[in-house]
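Numbering (UniProt numbering), first residue to last: 1 to 371.
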């Protein structure tokens, strides 16, 4: 009886012992496969890290084209004129050609009529004879004029809206993109609008457009021209301060060579976007709008810009008004137009500008010395 119980167990043990070498061979092959797989994954990750954090920064440092592409992010934007035709009544799509001494540029433009005049058929007559002021809109990077329809819907209750496409963007001329070139274009756009209406002209800049609009005003000042007021939506102080806190910039900001490969090359090649410097020469009231939940340009930069402007500008240059919006409103970077009290802020700002215009000091051009 005992033998009958023991023998089966011994046979089972012998069978297991006999199969052990095969088991170990199989286990050994599996271990080698896992080892090579892990090694391959580690090698791929190392290559990706080298490409991302060494090759990309070095390429950025020496490639002006790469820098320009990342500053303006105009790749992939439609250049089909049909996509910019009037989307609804009260908007006309036009093109204006500017002949600079060294180049000719054609810019796509939307003229949005004030709400009360949206059934008007003669846009030029409405611009020339109506009592509405005009506001020139500078859009952000990676956008076209079609992306700001929500903002225009608010502004057209108070203004003729002139939304201009930057050179190299959308259906405008594909010429060399630069901060200097865009501001030069908008100086001519301002003069073109000034010749069409005797009413006040305001300027609105959003995101990267805040730096471009402020720079444009410094150039207008040299020609004894100045808008009625400037509105900066989600502004940056300068590109040097924006890059480290931008969602993409934060990926590289920890690198020891970040300053040398990313920030310094931008300034060396003329990509300053320094609103802090330009705003000192703006001789009109300025209103700054920034959301606390802005995921692209932190509101701290807008707040810093307002404080710098208040301290650096002279009292007779106009008021600086700063509004900071709670995350409760979920405005982020692109939706400040949804703030329910924005019309009230606009009306208040218009009154401020009207009051200032009565006290505005004349802009005098320095006379050259004659011998």
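The beta carbon of each residue, even a glycine, is placed where N, CA and C say it ideally should be.
Through-space distance from residue j to residue i, alpha-carbon basis
i	j	result
residue 221	residue 316	15 angstroms
residue 302	residue 130	34 angstroms
residue 86	residue 93	6 angstroms
residue 268	residue 47	30 angstroms
residue 137	residue 162	6 angstroms
residue 31	residue 49	27 angstroms
residue 213	residue 42	48 angstroms
residue 329	residue 291	9 angstroms
residue 350	residue 229	8 angstroms
residue 216	residue 258	30 angstroms
residue 187	residue 273	17 angstroms
residue 160	residue 175	28 angstroms
residue 232	residue 256	33 angstroms
residue 235	residue 54	30 angstroms
residue 286	residue 332	21 angstroms
residue 261	residue 247	18 angstroms
residue 108	residue 345	29 angstroms
residue 154	residue 204	12 angstroms
residue 295	residue 253	16 angstroms
residue 377	residue 195	The question about residue 377 has no answer, for the chain in this structure spans 1 to 371.
residue 336	residue 343	11 angstroms
residue 197	residue 277	30 angstroms
Cβ neighbours of residue i in the same chain (closer than 6 angstroms, five flanking residues each side left out)
i	result
residue 281	218, 221
residue 322	288, 306
residue 265	61
residue 106	95, 97, 173
residue 123	92, 111
residue 358	none
residue 353	228, 229, 285
residue 356	285, 318
residue 200	133, 228
Local Cβ density within 10 Å of residue i, reported as buried at 16 or more and exposed below that
i	result
residue 89	exposed
residue 145	buried
residue 184	buried
residue 239	buried
residue 202	buried
residue 164	buried
residue 52	exposed
residue 39	exposed
residue 139	buried
residue 193	buried
residue 132	buried
residue 157	exposed
residue 241	buried
residue 134	buried
residue 36	exposed
residue 309	buried
residue 74	buried
residue 206	buried
residue 84	buried
residue 150	exposed
residue 226	buried
Which residues DSSP lists as bridging residue i, in chain order
i	result
residue 290	324
residue 137	163, 204
residue 93	110
residue 229	202
residue 104	99
Neighbourhood of residue i by C-beta distance below 7 angstroms, restricted to the same chain and skipping five residues each side
i	result
residue 249	243
residue 245	298
residue 126	113, 117, 120
residue 324	290, 292, 299, 303
residue 339	325, 329, 331
residue 271	67, 71, 179, 239
residue 369	Residue placement at residue 369 cannot be trusted, given a pLDDT of 36 that sits under 50; what the coordinates show is reported in the next sentence. Cβ neighbours of residue 369 beyond the five flanking positions: none.
residue 128	196, 197
residue 77	144, 169, 170
Span of the alpha helix (DSSP H) around residue i
i	result
residue 177	Premise fails: residue 177 is in no alpha helix (DSSP H) and is neither H nor E.
residue 284	First-last for residue 284: undefined, no H or E at that position.
residue 154	149-155
residue 71	64-72
residue 352	342-359
residue 75	No alpha helix (DSSP H) holds residue 75; DSSP gives it neither H nor E.
residue 310	299-312
residue 195	Residue 195 -> no alpha helix (DSSP H), and no H or E assigned at all.
residue 123	123-129
residue 242	239-242
residue 264	264-268
Close beta carbons around residue i, own chain, < 8 angstroms, minus the five adjacent residues each side
i	result
residue 313	279, 280, 282, 320
residue 72	141, 142, 166, 168, 169, 177, 208
residue 210	138, 232, 233, 234, 235, 236, 275
Within-8 angstroms CB hit, residue i to chain B
i	result
residue 72	Looking for chain B here will not work: only one protein chain is present.
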